[in-house]
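*Asks:* Have a look at the structure that comes next, please.
Numbering (our numbering), first residue to last: 203 to 518.
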(Lines of atoms letter the chains of each structure in order from A and count residues from 1; the text may use other names and numbers.)
(Lines give C-alpha, C1' and ligand atoms only; values in the text may rest on other atoms or scores of the structure.)
Protein backbone atom coordinates (compact mmCIF):
# COMPACT_ATOMS: atom_id res chain seq x y z
CA UNK A 1 0.00 0.00 0.00
CA UNK A 2 1.10 3.51 -0.74
CA UNK A 3 0.81 4.76 2.84
CA UNK A 4 1.65 8.37 1.94
CA UNK A 5 -0.91 8.72 -0.85
CA UNK A 6 -3.28 5.74 -0.87
CA UNK A 7 -5.52 5.57 -3.92
CA UNK A 8 -9.25 5.02 -3.38
CA UNK A 9 -11.28 3.30 -6.08
CA UNK A 10 -14.94 4.38 -5.85
CA UNK A 11 -17.36 1.89 -7.43
CA UNK A 12 -20.70 3.25 -8.70
CA UNK A 13 -23.36 0.92 -10.08
CA UNK A 14 -25.70 2.53 -12.61
CA UNK A 15 -28.95 0.93 -13.73
CA UNK A 16 -31.45 3.30 -15.34
CA UNK A 17 -30.24 5.93 -12.90
CA UNK A 18 -28.31 8.43 -14.98
CA UNK A 19 -29.68 11.46 -13.14
CA UNK A 20 -28.67 10.07 -9.75
CA UNK A 21 -25.24 9.03 -10.98
CA UNK A 22 -24.64 12.49 -12.47
CA UNK A 23 -25.48 14.04 -9.09
CA UNK A 24 -23.26 11.63 -7.19
CA UNK A 25 -20.09 11.99 -9.27
CA UNK A 26 -19.65 15.77 -8.68
CA UNK A 27 -19.83 15.19 -4.92
CA UNK A 28 -16.95 12.70 -5.26
CA UNK A 29 -14.94 15.02 -7.49
CA UNK A 30 -15.50 17.85 -4.99
CA UNK A 31 -14.02 15.73 -2.23
CA UNK A 32 -10.99 17.13 -0.50
CA UNK A 33 -9.23 13.80 -1.05
CA UNK A 34 -6.93 14.00 -4.10
CA UNK A 35 -6.24 10.35 -4.98
CA UNK A 36 -9.51 8.94 -6.33
CA UNK A 37 -10.42 6.74 -9.29
CA UNK A 38 -14.14 6.49 -10.13
CA UNK A 39 -15.48 3.33 -11.76
CA UNK A 40 -19.01 3.40 -13.19
CA UNK A 41 -20.47 -0.03 -13.92
CA UNK A 42 -23.59 0.23 -16.09
CA UNK A 43 -25.82 -2.77 -15.41
CA UNK A 44 -27.34 -2.88 -18.90
CA UNK A 45 -29.58 0.18 -18.55
CA UNK A 46 -32.58 0.32 -20.89
CA UNK A 47 -31.03 3.30 -22.66
CA UNK A 48 -27.56 2.31 -23.91
CA UNK A 49 -26.71 5.99 -24.19
CA UNK A 50 -26.75 6.42 -20.40
CA UNK A 51 -23.19 5.29 -19.78
CA UNK A 52 -21.97 7.14 -22.87
CA UNK A 53 -23.52 10.38 -21.62
CA UNK A 54 -22.01 9.88 -18.17
CA UNK A 55 -18.59 9.33 -19.77
CA UNK A 56 -19.00 12.43 -21.96
CA UNK A 57 -19.91 14.58 -19.00
CA UNK A 58 -17.22 13.11 -16.72
CA UNK A 59 -14.38 11.98 -18.98
CA UNK A 60 -12.10 10.95 -16.11
CA UNK A 61 -14.42 8.16 -14.90
CA UNK A 62 -13.66 4.60 -15.91
CA UNK A 63 -16.80 3.29 -17.63
CA UNK A 64 -17.61 -0.43 -17.51
CA UNK A 65 -20.78 -1.13 -19.55
CA UNK A 66 -22.36 -4.59 -19.17
CA UNK A 67 -24.59 -6.53 -21.56
CA UNK A 68 -26.93 -7.83 -18.84
CA UNK A 69 -28.16 -6.81 -15.42
CA UNK A 70 -25.71 -8.55 -13.11
CA UNK A 71 -27.37 -7.35 -9.93
CA UNK A 72 -25.78 -5.38 -7.10
CA UNK A 73 -23.30 -8.09 -6.15
CA UNK A 74 -21.75 -9.11 -9.45
CA UNK A 75 -22.12 -5.59 -10.85
CA UNK A 76 -19.99 -4.25 -8.01
CA UNK A 77 -17.62 -7.20 -8.37
CA UNK A 78 -16.92 -6.08 -11.96
CA UNK A 79 -15.85 -2.68 -10.64
CA UNK A 80 -13.87 -4.16 -7.74
CA UNK A 81 -11.91 -6.47 -10.03
CA UNK A 82 -10.99 -3.59 -12.32
CA UNK A 83 -9.99 -1.39 -9.37
CA UNK A 84 -7.79 -4.14 -7.90
CA UNK A 85 -6.27 -4.74 -11.33
CA UNK A 86 -5.43 -1.02 -11.47
CA UNK A 87 -3.64 -1.26 -8.12
CA UNK A 88 -5.88 0.86 -5.85
CA UNK A 89 -5.20 0.71 -2.12
CA UNK A 90 -8.80 1.08 -0.96
CA UNK A 91 -12.19 0.32 -2.49
CA UNK A 92 -15.38 2.19 -1.64
CA UNK A 93 -18.70 0.76 -2.80
CA UNK A 94 -21.09 3.70 -3.14
CA UNK A 95 -24.73 3.73 -4.19
CA UNK A 96 -25.28 6.01 -7.16
CA UNK A 97 -28.26 7.68 -5.41
CA UNK A 98 -26.01 9.17 -2.74
CA UNK A 99 -23.98 12.34 -2.35
CA UNK A 100 -20.92 12.44 -0.14
CA UNK A 101 -19.40 15.28 1.84
CA UNK A 102 -16.01 16.90 1.13
CA UNK A 103 -14.47 15.11 4.15
CA UNK A 104 -16.15 11.70 3.72
CA UNK A 105 -13.34 9.87 1.92
CA UNK A 106 -10.56 11.58 3.87
CA UNK A 107 -12.25 10.63 7.14
CA UNK A 108 -12.59 6.97 6.13
CA UNK A 109 -8.98 6.80 4.85
CA UNK A 110 -7.70 8.39 8.05
CA UNK A 111 -9.65 6.12 10.41
CA UNK A 112 -9.29 2.79 8.62
CA UNK A 113 -5.65 1.93 9.43
CA UNK A 114 -5.89 2.85 13.14
CA UNK A 115 -8.95 0.73 14.03
CA UNK A 116 -8.31 -2.62 15.71
CA UNK A 117 -8.71 -5.64 13.40
CA UNK A 118 -10.54 -3.46 10.91
CA UNK A 119 -11.99 -5.07 7.82
CA UNK A 120 -14.63 -2.59 6.65
CA UNK A 121 -16.09 0.75 7.66
CA UNK A 122 -19.15 2.81 6.80
CA UNK A 123 -20.11 6.41 7.52
CA UNK A 124 -23.43 7.39 9.04
CA UNK A 125 -26.09 7.39 6.30
CA UNK A 126 -28.77 10.07 6.31
CA UNK A 127 -31.90 9.52 4.23
CA UNK A 128 -33.15 12.42 2.14
CA UNK A 129 -35.41 14.27 1.73
CA UNK A 130 -36.62 13.18 5.19
CA UNK A 131 -33.24 14.09 6.74
CA UNK A 132 -33.62 10.99 8.90
CA UNK A 133 -30.70 8.87 10.08
CA UNK A 134 -30.92 5.71 7.98
CA UNK A 135 -27.86 3.77 9.13
CA UNK A 136 -25.68 3.99 12.21
CA UNK A 137 -24.68 0.34 12.47
CA UNK A 138 -26.72 -2.81 12.95
CA UNK A 139 -27.31 -5.74 15.30
CA UNK A 140 -29.13 -9.01 14.57
CA UNK A 141 -32.23 -9.59 16.73
CA UNK A 142 -32.83 -13.37 16.75
CA UNK A 143 -36.35 -13.18 18.20
CA UNK A 144 -37.48 -10.98 15.30
CA UNK A 145 -35.23 -12.49 12.59
CA UNK A 146 -34.04 -9.05 11.48
CA UNK A 147 -31.35 -6.44 11.87
CA UNK A 148 -32.01 -3.51 14.16
CA UNK A 149 -30.35 -0.15 13.66
CA UNK A 150 -27.97 0.97 16.37
CA UNK A 151 -28.71 4.44 17.74
CA UNK A 152 -31.80 4.75 15.54
CA UNK A 153 -33.35 8.21 15.69
CA UNK A 154 -30.25 9.72 17.22
CA UNK A 155 -29.34 13.34 16.83
CA UNK A 156 -26.48 13.34 14.34
CA UNK A 157 -24.66 16.28 15.89
CA UNK A 158 -24.38 14.28 19.13
CA UNK A 159 -23.56 11.04 17.31
CA UNK A 160 -20.70 12.48 15.24
CA UNK A 161 -18.71 13.25 18.38
CA UNK A 162 -18.37 9.54 19.17
CA UNK A 163 -15.35 7.42 18.38
CA UNK A 164 -15.74 4.74 15.68
CA UNK A 165 -17.67 1.74 17.01
CA UNK A 166 -18.39 -1.85 16.02
CA UNK A 167 -21.32 -2.86 13.85
CA UNK A 168 -22.49 -6.29 12.73
CA UNK A 169 -21.94 -5.15 9.15
CA UNK A 170 -20.78 -2.20 7.11
CA UNK A 171 -23.55 -0.95 4.84
CA UNK A 172 -23.24 -1.68 1.10
CA UNK A 173 -24.67 1.77 0.40
CA UNK A 174 -21.20 3.03 1.34
CA UNK A 175 -18.77 0.27 2.26
CA UNK A 176 -15.09 1.13 2.55
CA UNK A 177 -12.39 -1.54 2.72
CA UNK A 178 -8.84 -2.20 1.59
CA UNK A 179 -7.48 -4.08 -1.41
CA UNK A 180 -5.61 -6.31 1.05
CA UNK A 181 -8.84 -7.33 2.77
CA UNK A 182 -10.63 -8.00 -0.53
CA UNK A 183 -7.78 -10.20 -1.68
CA UNK A 184 -8.03 -12.21 1.53
CA UNK A 185 -11.81 -12.45 1.98
CA UNK A 186 -12.97 -12.37 -1.64
CA UNK A 187 -15.74 -10.44 -3.37
CA UNK A 188 -19.52 -10.24 -2.91
CA UNK A 189 -21.44 -13.52 -3.29
CA UNK A 190 -23.43 -13.27 -6.56
CA UNK A 191 -26.06 -15.70 -5.25
CA UNK A 192 -27.54 -12.79 -3.30
CA UNK A 193 -27.98 -10.61 -6.42
CA UNK A 194 -29.00 -7.73 -4.10
CA UNK A 195 -29.82 -7.35 -0.37
CA UNK A 196 -28.10 -9.11 2.55
CA UNK A 197 -24.96 -9.32 0.41
CA UNK A 198 -22.94 -6.97 2.63
CA UNK A 199 -24.17 -8.79 5.75
CA UNK A 200 -22.87 -12.02 4.22
CA UNK A 201 -19.55 -10.45 3.21
CA UNK A 202 -19.04 -8.94 6.66
CA UNK A 203 -19.76 -12.30 8.34
CA UNK A 204 -17.07 -13.83 6.14
CA UNK A 205 -14.87 -10.92 7.22
CA UNK A 206 -15.62 -11.71 10.87
CA UNK A 207 -14.77 -15.39 10.41
CA UNK A 208 -11.41 -14.31 8.98
CA UNK A 209 -10.71 -12.34 12.16
CA UNK A 210 -11.74 -8.83 11.10
CA UNK A 211 -14.35 -6.34 12.32
CA UNK A 212 -16.82 -3.90 10.78
CA UNK A 213 -17.06 -0.35 12.09
CA UNK A 214 -19.12 2.80 11.72
CA UNK A 215 -17.15 6.07 11.62
CA UNK A 216 -19.72 8.59 12.91
CA UNK A 217 -17.65 11.70 12.29
CA UNK A 218 -18.45 11.40 8.55
CA UNK A 219 -21.79 11.00 6.79
CA UNK A 220 -23.40 10.77 3.36
CA UNK A 221 -26.88 11.54 2.03
CA UNK A 222 -28.93 8.71 0.49
CA UNK A 223 -32.12 8.98 -1.54
CA UNK A 224 -33.30 5.42 -0.92
CA UNK A 225 -34.07 2.31 -2.99
CA UNK A 226 -35.43 4.04 -6.06
CA UNK A 227 -33.97 1.52 -8.53
CA UNK A 228 -35.63 -1.60 -7.04
CA UNK A 229 -39.39 -2.19 -7.48
CA UNK A 230 -41.01 -2.85 -4.10
CA UNK A 231 -42.16 -6.46 -4.67
CA UNK A 232 -38.71 -7.35 -6.03
CA UNK A 233 -37.17 -5.97 -2.84
CA UNK A 234 -39.55 -7.99 -0.64
CA UNK A 235 -38.77 -11.15 -2.61
CA UNK A 236 -34.99 -10.66 -2.47
CA UNK A 237 -34.94 -9.64 1.20
CA UNK A 238 -36.94 -12.75 2.15
CA UNK A 239 -35.01 -15.19 -0.01
CA UNK A 240 -31.62 -13.84 0.96
CA UNK A 241 -32.40 -13.52 4.65
CA UNK A 242 -33.04 -17.29 4.72
CA UNK A 243 -29.78 -17.99 2.89
CA UNK A 244 -27.85 -15.72 5.25
CA UNK A 245 -29.43 -17.25 8.35
CA UNK A 246 -28.69 -20.78 7.15
CA UNK A 247 -25.05 -20.13 6.30
CA UNK A 248 -23.95 -17.45 8.76
CA UNK A 249 -25.80 -17.87 12.06
CA UNK A 250 -24.73 -20.31 14.80
CA UNK A 251 -27.25 -23.12 15.31
CA UNK A 252 -28.84 -21.85 18.54
CA UNK A 253 -29.34 -18.31 17.19
CA UNK A 254 -30.57 -19.68 13.88
CA UNK A 255 -33.13 -21.84 15.69
CA UNK A 256 -34.52 -18.82 17.57
CA UNK A 257 -34.73 -16.82 14.35
CA UNK A 258 -36.43 -19.59 12.37
CA UNK A 259 -39.06 -19.95 15.12
CA UNK A 260 -40.13 -16.37 14.47
CA UNK A 261 -39.86 -16.75 10.72
CA UNK A 262 -42.21 -19.76 10.62
CA UNK A 263 -44.90 -17.66 12.34
CA UNK A 264 -44.38 -14.92 9.76
CA UNK A 265 -44.67 -17.39 6.89
CA UNK A 266 -47.95 -18.84 8.18
CA UNK A 267 -49.36 -15.34 8.71
CA UNK A 268 -48.73 -14.51 5.05
CA UNK A 269 -50.31 -17.78 3.94
CA UNK A 270 -53.41 -16.86 5.93
CA UNK A 271 -53.26 -13.33 4.49
CA UNK A 272 -53.53 -14.71 0.95
CA UNK A 273 -56.50 -16.79 2.11
CA UNK A 274 -58.20 -13.63 3.41
CA UNK A 275 -58.05 -14.73 7.06
CA UNK A 276 -56.12 -11.77 8.48
CA UNK A 277 -56.48 -8.06 8.99
CA UNK A 278 -55.05 -6.63 5.78
CA UNK A 279 -51.88 -4.96 7.00
CA UNK A 280 -50.21 -6.18 3.80
CA UNK A 281 -51.58 -6.78 0.32
CA UNK A 282 -51.92 -10.28 -1.08
CA UNK A 283 -49.30 -9.38 -3.70
CA UNK A 284 -46.87 -8.49 -0.91
CA UNK A 285 -47.51 -11.87 0.72
CA UNK A 286 -47.10 -13.73 -2.58
CA UNK A 287 -43.75 -12.04 -3.22
CA UNK A 288 -42.57 -12.89 0.28
CA UNK A 289 -43.67 -16.52 0.02
CA UNK A 290 -42.03 -16.84 -3.39
CA UNK A 291 -38.81 -15.74 -1.72
CA UNK A 292 -39.26 -18.52 0.83
CA UNK A 293 -39.93 -21.11 -1.89
CA UNK A 294 -36.95 -20.11 -4.02
CA UNK A 295 -34.63 -20.09 -1.02
CA UNK A 296 -35.71 -23.59 0.03
CA UNK A 297 -35.31 -24.79 -3.56
CA UNK A 298 -31.82 -23.28 -3.79
CA UNK A 299 -32.78 -20.78 -6.50
CA UNK A 300 -30.46 -17.83 -6.08
CA UNK A 301 -28.94 -15.14 -8.27
CA UNK A 302 -31.36 -13.65 -10.77
CA UNK A 303 -34.92 -14.97 -10.49
CA UNK A 304 -36.54 -17.19 -13.13
CA UNK A 305 -39.52 -16.44 -15.40
CA UNK A 306 -42.20 -17.83 -13.06
CA UNK A 307 -40.92 -15.73 -10.16
CA UNK A 308 -40.73 -12.65 -12.39
CA UNK A 309 -44.48 -12.84 -13.05
CA UNK A 310 -45.09 -12.51 -9.31
CA UNK A 311 -42.57 -9.89 -8.30
CA UNK A 312 -43.03 -7.46 -11.19
CA UNK A 313 -46.74 -6.94 -10.66
CA UNK A 314 -47.65 -3.46 -9.52
CA UNK A 315 -48.81 -3.54 -5.88
CA UNK A 316 -52.54 -2.84 -5.52
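Ideal Cβ placement from N, Cα and C applies to all residues, glycine included.
Quickly, what does DSSP pair residue 413 with across the bridge? List them, please.
*Replies:* BP columns for residue 413 point to 320.
*Asks:* Report yes if the CB atom of residue 419 is closer than 7 Å to the CB atom of residue 309, and no otherwise.
*Replies:* yes
*Asks:* Looking only at its own chain, which residues have a Cβ that is under 6 Å from the Cβ of residue 513, when we skip the five neighbours before and after it?
*Replies:* 433, 434, 437, 489
*Asks:* Would you mind sorting residue 509 into buried or exposed? The rule is 16 or more other CB atoms within 10 Å of its CB.
*Replies:* buried
*Asks:* What span of residues does the beta strand (DSSP E) with residue 462 cover, start to end?
*Replies:* That residue, residue 462, is in no beta strand (DSSP E); its alpha helix (DSSP H) goes 453 to 474.
*Asks:* How is the alpha helix (DSSP H) around residue 489 delimited, first residue to last?
*Replies:* 484 to 498
*Asks:* Report, in whole angstroms, the separation of the C-beta atoms of residue 240 and residue 325, which I expect to be a contact under 8 Å.
*Replies:* With 8 Å as the limit, residue 240 and residue 325 do not qualify as a contact, their Cβ atoms being about 18 Å apart.
*Asks:* Identify whether residue 397 lies in helix, strand or coil by the three-state DSSP scheme.
*Replies:* coil
*Asks:* Can you tell which of 313, 401, 297, 383 has its C-alpha closest to the C-alpha of residue 348?
*Replies:* 401
*Asks:* What alpha helix (DSSP H) runs, 4 residues minimum, are completely inside the stretch 209 to 287?
*Replies:* As far as the stretch 209 to 287 is concerned, its whole alpha helix (DSSP H) runs of at least 4 residues are 220 to 231, 251 to 259, 273 to 287.
*Asks:* With DSSP run on the structure shown, which of helix, strand or coil describes residue 325?
*Replies:* strand
*Asks:* Expressed to the nearest angstrom, what Euclidean distance is found between the alpha-carbon atoms of residue 245 and residue 215?
*Replies:* 7 Å
*Asks:* Quick check on this structure: which residue in 343, 475, 394, 364 has the alpha carbon closest to the alpha carbon of residue 279?
*Replies:* 394
*Asks:* Please go through the same chain and pick out, in chain order, the residues whose beta-carbon is closer than 7 Å to the beta-carbon of residue 440, but skip the five residues on each side of it.
*Replies:* 490, 493, 494
*Asks:* How many Å lie between residue 479 and residue 472 at the Cα?
*Replies:* 10 Å
*Asks:* Please tell me whether residue 322 and residue 211 are closer than 7 Å, where the distance is taken between their beta carbons.
*Replies:* no
*Asks:* Which full runs of the alpha helix (DSSP H) of 4+ residues lie inside the stretch 338 to 377, going along the chain?
*Replies:* 358 to 361
*Asks:* Going by C-alpha to C-alpha distance, which of 227, 341, 270, 260 sits closest to residue 250?
*Replies:* Nearest to residue 250 by alpha-carbon distance, out of 227, 341, 270, 260, is 270.
*Asks:* Would the stretch 398 to 418 and the stretch 372 to 383 be scored as touching if the rule is three or more Cβ pairs under 8 Å?
*Replies:* Result yes; three or more Cβ-Cβ pairs closer than 8 Å.
*Asks:* At a cut of 8 Å, does the stretch 288 to 297 reach the stretch 372 to 379 through at least three beta carbon pairs?
*Replies:* Yes, the stretch 288 to 297 touches the stretch 372 to 379.
*Asks:* Near residue 233, what residues of its chain come up, given a Cβ to Cβ distance below 6 Å and the 5 sequence neighbours on each side ignored?
*Replies:* 304, 307
*Asks:* Closest to residue 396 by CA distance: which of 499, 274, 328 is it?
*Replies:* 274
*Asks:* If you measure between the beta carbons of residue 369 and residue 339, is that distance less than 7 Å?
*Replies:* Closer than 7 Å, so yes.
*Asks:* Measuring straight from C-alpha to C-alpha, what distance separates residue 450 and residue 458?
*Replies:* 14 Å
*Asks:* Please report how far the alpha carbon of residue 515 lies from the alpha carbon of residue 365, in whole angstroms.
*Replies:* Taking the Cα positions, residue 515 is about 45 Å away from residue 365.
*Asks:* One question on the structure: do residue 470 and residue 497 come within less than 7 Å of each other, judged by their Cβ atoms?
*Replies:* With contacts defined by Cβ atoms closer than 7 Å, residue 470 and residue 497 do not form a contacting pair.
*Asks:* Can you tell me the Cα-Cα spacing of residue 551 and residue 464, whole angstroms?
*Replies:* Shown here, the chain extends from 203 to 518; a query on residue 551 therefore has no answer.
*Asks:* Cutting at 6 Å between CB atoms, please list the residues of its own chain near residue 456, excluding the five before and the five after it.
*Replies:* 447
*Asks:* Assuming residue 291 contacts residue 208 under a Cβ cut-off of 8 Å, what Cβ separation, rounded to an integer in Å, is found between them?
*Replies:* 4 Å
*Asks:* For residue 483, is the beta carbon positioned less than 6 Å from some heavy atom of the ligand FMN?
*Replies:* Within the structure as shown, the ligand FMN is missing, as the structure has no ligands at all.
*Asks:* Report the residue from 247, 223, 398, 367 whose alpha carbon sits nearest the alpha carbon of residue 259.
*Replies:* Checked all of 247, 223, 398, 367; the closest Cα to residue 259 is 223.
*Asks:* Do you know how far the Cα of residue 228 is from the Cα of residue 474?
*Replies:* Taken atom to atom, the span from the alpha-carbon of residue 474 to that of residue 228 is near 47 Å.
*Asks:* Measure the alpha-carbon distance for residue 399 versus residue 460 and round it to whole angstroms.
*Replies:* 19 Å
*Asks:* What do you get for residue 332, buried or exposed, if any count of 16 or more other CB atoms within 10 angstroms of its CB means buried?
*Replies:* Result: exposed.
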